[in-house]
Every structure is written in structure tokens, then in C-alpha cells.
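Have a look at the structure below, then the notes.
Chains as they are written, first to last, in this note's numbering: chain A, 255 to 579; chain B, 10 to 321; chain C, 3 to 507.
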């Protein structure tokens, strides 16, 4: 895609540079700061830690990218992750299901959340925000009911193969990184290179025009929500494999970071659109900040507060950058 | 169809009234009102924002950060009173000042920077929750300051003083929002930004006002949160958020014009509290109550979407 | 010093990057008159109105209102000078009452808050006395008809009693003739109260009926001023607007019409649209005429699956096709160029090539992946054929002119092997040059054997283009005008009165 001439014209000059590279400058600033301030930040092992620690967030952020591309938002990504984890752990623990079936069952569990969203948005015309907020509340309650208030369900004797989905490695590359990379590649191909993705972008930009052009809008929205939730369930599989337990409501902590990553990605896109490479950059940025704050030896609560504040500022900068175009 | 949620709500209430006969006794009703106070006050704030921003949840006005703001202010006040031995005036000033800063932050993010209210207030609420954790170290703080105890227990001719204060507050909000030029301007902006602009009203200024007012509501709610819980409880913002959104949009179904109004929001808050207390008294698990409220939200918005479709 | 001239705009020039929107244009309005302002789209009417409103700053020229030169010209200073604007958009809040809407931004309030009763009474009185309309002050806007909403909008601009000049921008565009009459009554009543008006409209019949004098714009300049307007001034005005003969707009009808190809039987949406039968032949251009509210839009939307059909059948080349959504229509070979191009026709922020290929992405893909070079080449080919300018299919569609945007929508469907083309208001907001090209394209389509259905509010366009014209009135198809019955008189009398031609004779 090429920029229109007027856009190009405004990209020149110091102000234009700031607009275009504001985010790169911010990333660099944080990188330099952490490198100088903590001794353990800048080494290959820690950088790999950042990548590895970002795997689950990346998977959720990709799901979010799909929904935002189609003009919606999904507040229930965390719930779909939880359901994926719960379905897999319970299937293996209580029903003795083989680990690979458990993964399939996790995808089904996540899809249920997507199905509810799809039904509300496509069949009942509820706005995606409200629909997924409702799903979020119901999904949270269901988890509390199921676990009697939120206690984890642990399964210590989980199959080693399942466990390896999180802690294993292939030629030294952690398997969760490989899984995330595969999901990333698939999303990139579908959203950025395929005609399905082109149609999804059209729907997100102008739904009525897409419909008039013969695109099956409802069809795409319906399956979009289901695919997004199933993707989140993969995150649930990795999380539960890592801890060998299902932790209720664990997915919530990824929600805002996933949204932020998508908006950061959109901000650095020439036309301000959500996009897969941008989302990856957003995720790595957030992962780097989380990792850096950790290494600074801050206590848990302070870290939470700081990352919340950084999130607000980052989003503000991202939106500002988008507006200035 | 627009009245469907109201109808289902009334049916639920009738069911509760039959199965839990003591629900409609005076003492229970008074408890229900008292329980509803923090929700009612944050609803007043949300009503202001929705009235100024329009009731389209995505592009219009919404402030998801009011509950987090209230909990943050409550935490600061409790921390000051208990852990730092500050006087009441200092504690209130710090708590409410922090709440107002949240309002300024939201206003800047939405009006100056141009973020959608949804994203801006979601993000700022995460920041507020984070700061609350630092203030309280994620621990509960018990408060037995005379003012808090007074707000919890005091009665005036058999009616809770806190309820009376809240009623007065609602009246002030009502007059401001529905009976002044400023209030009409606010509603005009929410009804149609273009219409307001051609009428010489500045949408940006009024939207900024609405976020500040929401923050004031959050600040005031904090004191009553402390009174209701006899102290500050981190993590209480999630339920408050659920109840606030449900009550405010449920209230729209009760209003004659089917839009968010101040009285609708307050009435919604009382009904939601009635529901919570009612379910509790017939022995429904508290987690199920959350599930039912979530389903009710969906019902309210689905029927609103349906009647919008019909009108076209 | 009271002079005869209320508004004097002289030598107004306004340049936008790359475009000279106004070139030394002038506009002069006398006290107490209704002054018409006409011109094709893009002639500069709305630009000069925006200069007067203080929205655009002029590059040069002078503006005198009531003998004074408000400087700088800002929305506030123009308002203070007594100039009011009735925009095309209503700008009303659906859930506000009439009184609240009239006093929006100028509420009456005292020490005890809003004076709601006083505002209601004043609103009702003003509507009755100044606009001759009986509308209850506590009615909600969303319960009013479109004409009544327009009157509320006018009342809002004038209720303070300080207006001396009112600018109406296409006030009757969304109204049918009965509703328009309501607005005309109000405008005449205002004139009798000594208020001057500028009346911008495309409907020349309205201009000649209502206005005392007329200014005609073309290409950003004032080309003609008629001091005296009579019923037969229309031709003179058209000549001035177009600057060439109108008959030259339409191509020669040289195509041959074949046998029956497409037919609908008993089609209805169960609401506004009465059960409707219509047959279109191979290689035929069928017109659909009808006022706003005649069911024309509902017919098109139901045909294309945008509205749900309640009953009825559609068949194409003898086969019954089931159309419940636009995608099924497209699959059946029925395509639509929608009336709202910017909303429904184009994805404005996508590239022109994407917009062209949007309905046929399979053709430019390999194994589901987009083949970008193929996509660009294909778009480029058709863009060259249709002379879409600027010739850069990678540019975003939003920045193209109306005519070129319309050609992009047409291009999308031309590369499909579609058999029935539905064109809904194909030339609204399209400049004359592109109009001619679009008409020629339609002619070429039928010459190649496709069928075309043209729905239009412009009777001249229908008569110039179509082989037959179906006339709709109050939700029903009243008759089909055959080739030898096509005349302006027939068409106008049937669309406005709904009389089938047999009853007329």
C-alpha cells in the first residue's frame, strides 16, 4: 500500500520525523534505560526471556488484532484463555483424556466463548464491546462457580508431552516461542496476504460498503469471533502446561496489554490500521517493559502500578501519533 | 421490546418478593437502599458521561474508570487515616484530589488526545487499580474513624443519614443535569455533537466537564464505600463496575424517552441492589448472582439494539 | 443608512491546494427578497456560502452585510450581523422535545433554573406565527415527520428574532412534494415578515416558484444574474448552469432490446413496499421513477437483499433465484451501484485497486493469497478503459472526485460477468463530464446484452437514458411507461399524482 502524496508531504521535517518515529524513539529510550539501569537486562539470555515471556500475550494480541481489523473489540480474550486451560486440565485430570485430545478440547472450550460472542454480535446485533463485556462477566462468574470461588485446579501428574508444550524446546528454541511463531505466521498470512484478510479489512473499514460488494459480512464476523477465541485457548494450553494447573481468571491480566499492543501496532502503521507486524512490535515492547521493571527489583505492587501508568502513556502516545497523520 | 428488560426485571423482583417475603419489609428495604449507595453515586457520574458523550458505547461517552477511581480514593483515605495518622481533612483532600486527577487524566486522554472514551477509561482504570495496590499493598484496611462509623450507622428519624445524603446528592445532580442551561448543553452534545456545535455549544468543553463530574462522583462514592465496608477493600472495583454499567443502562429502559437519565440511573442502582440482596436472602450463591447480572446486561443491550433496528 | 442591498459579496476568490474553488465570484441580495443560488455540483455554491458563514477564510474580495464589513468574518461575527444558516442536515437530537430543540444553545433560564414552560410557549408561538405550523412544544423530534423537523430547525435559527438574512441550503432535498409545500409556506411567511433569504437548490421548479431573483454559478464564478424570475426562466437558468446544450448529455439509443430476461413477481418487504411485478428484457434499460417515499429505495434494497423480502419471487433467465443478502445477489449476477456512494459504494480508506477487485478477489489470488501484481494490473486496465483520474490505482479512494469514485464502483462490477446492473441515483454528486461518460457506459453495457435498472430522482436522466420507465407511487408500482409514452409530462404527472395513464386518458 502506498501513502497518498499529501501524507508523504507531511512526513518531512523534524515534526514529521517525530510523528513517524515517535514510537521507535520510545522503544529505544526504554531499551537504553533498562540496559544502563540494570546489569542483567542486556544479554542474550534475558532477551530470549522477553521473547519467551511474550508468547501468550502475542497469541491473545493476535486474536485481538483479528477482531479489531473487522471493526470490533473483544474484551473476553482472557475468558477464552481461561476456558481453554480449564477444559484441557479437567479433561486430562477427571476424564483421563490423552494430551493431544486435551488440546483439541481446549480449542473447543475457547470456541464456546467465541460462539457466544458471535451469537450476540451477529444474531442479536449487540455491539462487540457490550457483547464481549457481558461474556466477560458471565465467563468470570462461571469460573468462580465452577471452582467454588476461584481456587486453582492443579494436576501435577500431567503428561510430560503436554508439559513440553510450555517448557520443552526444539533445538534450544522454547516450544512456546515456536507455537507463538506459528500462530503469528498464520495470522500474518491470513490477515495481511490472503483475500480473506482483505475482506476482513474491508468489513472493518466500512461494513455497509463491504456488504454491498457481495462480501458475506455476517459470516466473516461470526467465524472471526470463534477463530479469535479458539486462538486464545492456545494461550490457555501454554499457560496451564507451564503451571500444571488451571488458574481461574488468569486471562484477565492479558486483556489490556492485548488491546494496547494492537493499538500500538496500528499507530505505527502508515495508514493507522491494525496489523500483524505492528502487533508483534507492540507485544515485544510491553514484554520488554515488564521484564525491565522486574529486573529493577521493584515489588509486585509497585510494578503493577508502574506498568499501568506506562500503559496509559503508551496508548496516549500511540493515539496521538495516529491522529497527527 | 425496549421495555423487555424492565419487564423481566420486574418479574424477577416479583419472584423474589414471593420467595423471600421478608425482602419487602421496611428494615430490609432500608438495608437495600444503604447497600446501593456507592453504586448509585458512581451511576450518577456515569450518567453524566453518557449524557454528554451519547449512548453509543463504542464511540460515545462511557467512563469505566469511576469504580476504580472510587476504590483508589477510598484506599488513600483509609491509608492516611489508619497508617499515617493524618487528620480527616488531609485524608479526604488527598483521596479526593487523586480522584480528581483521574478525571483530568480521562478528560485529557479523550478530549485533547482524541482517544475513544472506552479505551482511555479502561486504561486509566488499570493505572488506578495499580496505584491502589501500591497504596494498600493489596491488603484490606479497617477504618473506624467516627465519620465513617457515622455514615454507616447514623439515623435521622429512623432513616439512614447516608441514604438521605445520597438522595440530596441525586437531587443536586438532577438539577444540574436536567434543569440548567449547562445540563441542557451537556445533553445536546450527547444527543448530537454536530447539532450542539451548530448551536454554538462546545462539545469538547462539555465532554471534559462530564469526565470531571464523573471523577467527583467517584470521590464522593469512596467515602460511602468505606462506610459500607467499614474500610477499604482492594479488588472491589470489579463488582462495582458490573453494577454501575448494568444499573445505568437498565435505567434507560425505565425512562420515558428510553435514554440514560439521572433518575433512571439511580433507580437502576437501587433495583440492582434489591436483586443482589434478594438473591442472597433466598440462598443463591453470590457467584451465580454475578452470572445473572452479566446475563441481564446482555439482555438490556440486546433489546436496545433490537428496538433501534425496529425504529429504522 | 438603509440601502436596498442587504448583502454584497464581491470578487471573492478562494483557493484550496490545487483547486480554485471560487474565482472572483460575486453575490448580491436585496432587502426583503428571496434570492436563488444555483449551479452544478462543484460550481462553488457551497464554498461561497461557507465563506459567508466564516467557516472558510477568503483569499480576496469583500463582504458587506447591511453596509458593514464584519472583520474578521467568523461564525460568531456573522451570527451577530443577523445572518442565519439552515443547513442541509437537520442537526436535531431525536430524543429532545421540540421546545428543547428550538432553544438548544439559547435556553431561557432564571435564578431557579430553566424556564421550561416559557420556552415551550415561545416555541409553539413562533412555529405558529412565523412558520404557520402547529407543532406541540413537548413532542419528541423522533416522532415528527421530516418536514416538521425542518421547521423546527428553521425555528431554532430564527426564534431570537434577530435574523435579517437566512440562507437555506437544499431545504427540500429529503422531502416529498406535499412536505415541501409545508416548508414553502413557512418561507413565504418569513418573507412577509421582511426577512431576506438566499435559497440554494437543485430543484429549478422550486427556484422559479419561490425566488425573486437568481444568481447562477459555474466553475467558481458568477456567470449570470436574473433580476426577474418567471416560470419560464428554467431554460435560461439551465443554459447558464451547463454552458452547453443538455440534449448532448445522453447517448444515442441505438441498442436492440431482446426477450424477457429478468422478472420479479409479487415482491414485497411486508412493510412499505406493496407486492410488485416487473419484467426487464435482455439489453434493456429500465428506469424506476418516483418521489422520495414512493417505495423506490425499498424496491431496490429488497431486490438486492439489503432489506428482507417478505414475499415474492425473482427469476433470472428463467431460473428462480433466492436472494436474501447482497452476496447472494452478486452470486446470481445481479449487482448494485448504490445511491450513497461514500457510505455503501466504496471502502473509502482502501486503495482504488482494492475497491475495484473487492467483489472478485478470487480472480486475483493464488491459493487464497492475493497476487498483488495481478490485482494492480487488472485494476489499472479497467481504470484506463474508464479513464479514472488520477490514474493511480494504489491511491486511497477517499480523495477521488465524486465522478471518479462512481467510476470505481462501476469498474468493480464491469469486470464481473454480471447480467443485471442496478444503478441507484448513478449521477448524484457527479460532474457533467463524468455524467456523460457514465451514460455512455450504460449504453455500452446494454449493447453487449446486459440489462440495466436505473433508479433516479432526475426525470431528465430517466427520459434521456431509458427504454421504459416503471413509476412508483406511495409504495406501489403504478404503471410502466412504454417507449412511445416517454415524455416529461407523463412522467411528472404520474410520479406526483400516481395516476396510471389509462385513467388519465
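No residue lacks a Cβ here, since even glycine has one placed at the ideal position from N, Cα and C.
Taking all protein chains in view, the Cβ of residue 364 of chain C is surrounded by fewer than 16 other Cβ atoms within 10 Å, so the residue is classified as exposed. Between the stretch 242–251 of chain B and the stretch 265–276 of chain B, the count of Cβ pairs shorter than 8 Å is below three; the stretches do not touch.
For residue 361 of chain C, the chain A residues whose Cβ falls inside 7 Å of its Cβ are 467 and 468, in order along the chain. Annotated three-state conformation of residue 428 of chain A is strand, per DSSP. Under the three-state reduction of DSSP output, residue 203 of chain B falls in the helix class. The three-state secondary structure of residue 67 of chain C, taken from DSSP, is strand.
Residue 475 of chain C is bridged by DSSP to C/478. In the assembly as shown, residue 355 of chain A is an exposed residue. Its beta-carbon has fewer than 16 other beta-carbons within 10 Å.
At least one CB atom of chain C sits nearer than 8 Å to the CB of residue 194 of chain B.
Here the alpha carbons of residue 295 of chain A and residue 288 of chain A stand approximately 6 Å from one another. Of all alpha-carbon atoms in B/44, B/304 and B/81, the one lying nearest the alpha-carbon of residue 227 of chain B is that of B/81.
Here residue 167 of chain B carries a coil assignment [DSSP, helix/strand/coil].
Going by beta carbons, residue 179 of chain B and residue 271 of chain B fall inside the 8 Å limit. By the C-beta density criterion, residue 361 of chain C is buried, having at least 16 other C-beta atoms within 10 angstroms. The shortest CA-to-CA distance from residue 404 of chain A to any of B/296, B/35 and B/31 is the one to B/296.
The closest CA to that of residue 515 of chain A, considering only A/531, A/452 and A/501, is found on A/531. DSSP places residue 357 of chain C inside the alpha helix (DSSP H), whose first and last residues are 354–359. DSSP lists C/37 as the bridge partner or partners of residue 215 of chain C. By the C-beta density criterion, residue 71 of chain C is exposed, having fewer than 16 other C-beta atoms within 10 angstroms.
Taking 9 Å as the Cβ-Cβ cut-off, the stretch 139–152 of chain B has no residue approaching chain C. Boundaries for residue 404 of chain A: no beta strand (DSSP E) harbours it, and the DSSP string shows neither H nor E there. Residue 310 of chain B belongs to the set of residues whose beta carbon lies under 8 Å from a beta carbon in chain A. Close to chain A, meaning a Cβ-Cβ distance shorter than 7 Å, are the following residues of the stretch 113–126 of chain B: 118, 122, 123 and 124.
Not one beta carbon of chain C lies nearer than 8 Å to the beta carbon of residue 576 of chain A. A direct Cα-Cα distance of roughly 21 Å separates residue 543 of chain A from residue 428 of chain A. Fully enclosed alpha helix (DSSP H) runs of no fewer than 4 residues occupy 404–416 of the stretch 400–427 of chain C, in order along the chain. The continuous stretches of beta strand (DSSP E) do not include residue 316 of chain A, which lies in the alpha helix (DSSP H) extending over residues 309–323.
Under the three-state reduction of DSSP output, residue 413 of chain A falls in the coil class, being neither helix nor strand.
Exclusion of the five residues before and after residue 199 of chain B leaves 59, 60, 61, 62, 63, 64, 69 and 70 as the residues of its chain whose Cβ lies within less than 8 Å of its Cβ. Between residue 162 of chain C and residue 202 of chain C, the gap from beta carbon to beta carbon reaches 8 Å or more.
Interface annotation, residue 345 of chain C: not in contact with chain B, CB-CB separation never under 8 Å.
Look at residue 298 of chain A: its C-beta is not under 8 Å from any C-beta on chain B.
In this structure, the CA atom of residue 354 of chain C is about 11 Å from the CA atom of residue 380 of chain C.
Residue 293 of chain A is classed as exposed because its beta carbon has fewer than 16 other beta carbons within 10 Å across all chains shown.
With respect to chain A, the C-beta atom of residue 299 of chain B has a partner C-beta closer than 8 Å. Closer than 9 Å at the C-beta level to chain A, one finds these residues of the stretch 319–332 of chain C: 327, 328, 329, 330, 331 and 332.
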